[in-house]
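A.B. asks:
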Amino acid sequence: MKTKTAIAIALSVMAGTASADGHSSVEVLHWWTSGGEAAALNVLKEDLNGQGVGWTDMPVAGGGGSDAMTVLRARVTAGDPPTAVQMLGFAIRDWAGEGALADLNDLAAEQNWDEVVPAALQGYSKFDGQWVAAPVNVHSTNWVWANSAILAQLGLEQPADWDGFVAAMQAAQDAGYIGLAHGGQAWQDATVFDSMVMGVGGPEFYQAAFIDLDPEALGSAQMVQAFQRMETLRGFVDDNFSGRDWNLASAMVANGEALFQIMGDWAKGEFINAGQTAGEEFQCFRVPGTEGTVTFNSDQFAMFKVTDETARGAQMTMASSVMSPEFQVAFNTVKGSVPARTDISDAAFDACGQLGMAQLAEAAASGGLFGSMAHGHANNPSVQNAMYDVITAHFNGEFDAETAAAELVTAVELAQ
Ligand code: BGC
5 MKTKTAIAIA LSVMAGTASA DGHSSVEVLH WWTSGGEAAA LNVLKEDLNG QGVGWTDMPV
65 AGGGGSDAMT VLRARVTAGD PPTAVQMLGF AIRDWAGEGA LADLNDLAAE QNWDEVVPAA
125 LQGYSKFDGQ WVAAPVNVHS TNWVWANSAI LAQLGLEQPA DWDGFVAAMQ AAQDAGYIGL
185 AHGGQAWQDA TVFDSMVMGV GGPEFYQAAF IDLDPEALGS AQMVQAFQRM ETLRGFVDDN
245 FSGRDWNLAS AMVANGEALF QIMGDWAKGE FINAGQTAGE EFQCFRVPGT EGTVTFNSDQ
305 FAMFKVTDET ARGAQMTMAS SVMSPEFQVA FNTVKGSVPA RTDISDAAFD ACGQLGMAQL
365 AEAAASGGLF GSMAHGHANN PSVQNAMYDV ITAHFNGEFD AETAAAELVT AVELAQ
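Numbering (our numbering), first residue to last: 5 to 420.
1) For a test of your reading of the model: does the CB of GLY247 fall under 6 Å from any non-hydrogen atom of the ligand BGC? Yes or no.
2) Would you check if the distance between the CB atom of PHE94 and the CB atom of GLY380 is smaller than 7 Å?
3) Find the nearest neighbour of PRO1 within the set GLY159, VAL89, PHE353 and ALA369, judged by alpha-carbon distance.
4) So, does the CB of PRO329 fall closer than 7 Å to a CB anywhere in chain B?
5) State yes or no: is the C-beta of ASP269 nearer than 6 Å to some heavy atom of the ligand BGC?
6) Starting from GLY200, trace the alpha helix (DSSP H) in both directions and tell me its first and last residue.
7) LEU76: which of LEU52, GLN55 and ALA104 sits nearest, CA to CA?
8) Let me know the secondary structure DSSP gives GLU41 once reduced to three states.
9) Does the ligand COA have a heavy atom nearer than 6 Å to the CB of GLU274?
10) Do you know how far the Cα of ASP312 is from the Cα of PHE245?
11) Beta-carbon within less than 6 Å of LEU108's beta-carbon, same chain only, minus the 5 sequence neighbours each way: which residues are those?
12) Just the Cα atoms here: how many angstroms apart are ASN383 and GLN232?
13) Output the distance between the C-alpha atoms of ALA185 and ASN251, rounded to the nearest integer angstrom.
14) In angstroms, rounded to a whole number, what distance separates the CA positions of PHE374 and PRO207?
15) Taking GLN287 as the reference, give the member of GLN126, ALA156 and ALA137 with the closest Cα.
16) Could you tell me the boundaries of the beta strand (DSSP E) in which LEU373 lies?
17) Just confirm the distance between the C-beta atoms of VAL257 and ASN151, as a whole number of angstroms; I'd bet it's less than 8 Å.
18) Where does ILE266 fall in DSSP's three states?
19) Along the chain, where does the beta strand (DSSP E) containing GLN420 start, and where does it finish?
20) On a CA-only basis, which of ARG238, VAL310, TYR128 and PRO122 is nearest GLY101? Give me that one, please.
21) If contacts are defined as beta-carbon pairs under 8 Å, then ASN336 and PRO329 qualify, I think. What distance do you get, rounded to the angstrom?
22) Among ALA419, GLY83, TRP36 and ALA409, which one has its Cα closest to the Cα of ASP71?
23) Between which two residues does the alpha helix (DSSP H) holding LEU111 run?
24) Taking DSSP's pairing of strands, which residues face LYS309 in a bridge?
25) Would you call the CB atoms of ASP193 and PHE399 closer than 7 Å?
26) Report the three-state DSSP secondary structure of SER386 (helix, strand or coil).
27) Within 10 angstroms of its Cβ, does THR145 collect 16 or more other Cβ (buried), or is it exposed?
28) Using a Cβ-Cβ cut-off of 8 Å (strictly less than) and excluding sequence neighbours within five positions of GLN358, which residues of its own chain qualify?
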């Protein structure tokens, strides 16, 4: 993984003795705090360590990164931004628009990022034609994680459609298991909602509601149905779901308490971290109704502008590492995601990773690839947060499905 390019080498030489005596380092703001996430982060830390770049950790837990982005704003306002920040989709554009991000163009040109990074990701990594972030992976949210032993015990196959999915959760509940492991946090509710919207209305509806923010779609009968599916799911969640972290919900599937979890493929990192294997103890399949589509998000590292050359050298070394093919394999096989480059073999990936890579390519080719609303790839952070509020209020029983759809129309209008 020490594939340094000329620019990265030159920049770390500029960092010079500073790297040897530990002054060359990156301060990284991120939300990778679960066991599986920490294991993946370690791959990056060790890679940089091997190149003489130190690491100052700035973790802020919370999927989707809302809390991390609040902390980031405070740090920037105080005039003390971290050097490197995990960021998603529209947030990258916002910070680039403020002129806060370092230009990665020379490195990108030298390493040919234009050729190897899929167009869907470049839409977020570049601003005004300039590279401002290095994509480390592609995750997607429309996955179900299933406990193989419970499926086998109940004589169930992977469900082929929504009715089959509901019937499987019912069978699990009847047998004394939890049908759906879930953590009641707004971003987790929203993650599930990505798939309800896609599953009910398909790509055109997803586009109209989440990307075009068309009030008719937001308030439509299909949106009501998507909320009704959330109510169905709510009936299979245990009583202690409120506030539970997503990785604890993954653990409930891993340890045989619950049959399914609907979650992005960072959940796979938890199963792997628990010593389990895809296709053996656990299985993955697309949320019934969303087959053929992929609702994706890509973790990217944005580098905040620095004047100090040593710090800039460390940033470029980090960006270069993140984009190296070897690193993308080493990191993503642990993280649960798939590479952010199109030129990487799937040989080192497990069954779910290979499926994910194939489905991503198919969805990209067939027009079925859409940015995840829940993870900042469909609309800007203020609209996203407005949607979170309605989705989570409905999931917690504040509104019925009709009211929720009407509230969504109003909330989105106010947030724009
Ligand atoms: C990030 C993932 C992360 C997940 C849960 C998502 O927003 O893209 O990398 O594992 O949140 O923390």
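For glycine and all other residues, C-beta sits at the position ideal for the given N, C-alpha and C.
C.D. replies: On the basis of the data shown:
1) no
2) yes
3) Shown here, the chain extends from 5 to 420; a query on residue 1 therefore has no answer.
4) Any reference to chain B falls outside this structure, which holds one protein chain only.
5) no
6) In the sequence under discussion, the amino acid at residue 200 is Met, which differs from the Gly named in the question. Residues 190–210.
7) ALA104
8) helix
9) Because the ligand COA does not appear in the structure shown, any question about it cannot be addressed here, the ligands present being the ligand BGC.
10) 47 Å
11) TRP135 and ALA323
12) 23 Å
13) 10 Å
14) 8 Å
15) ALA156
16) 373–375
17) 5 Å
18) strand
19) No beta strand (DSSP E) contains GLN420, which DSSP labels as neither H nor E.
20) TYR128
21) Not a contact, Cβ separation roughly 11 Å.
22) TRP36
23) 109–114
24) None, per the DSSP bridge assignment.
25) yes
26) helix
27) buried
28) ASP350
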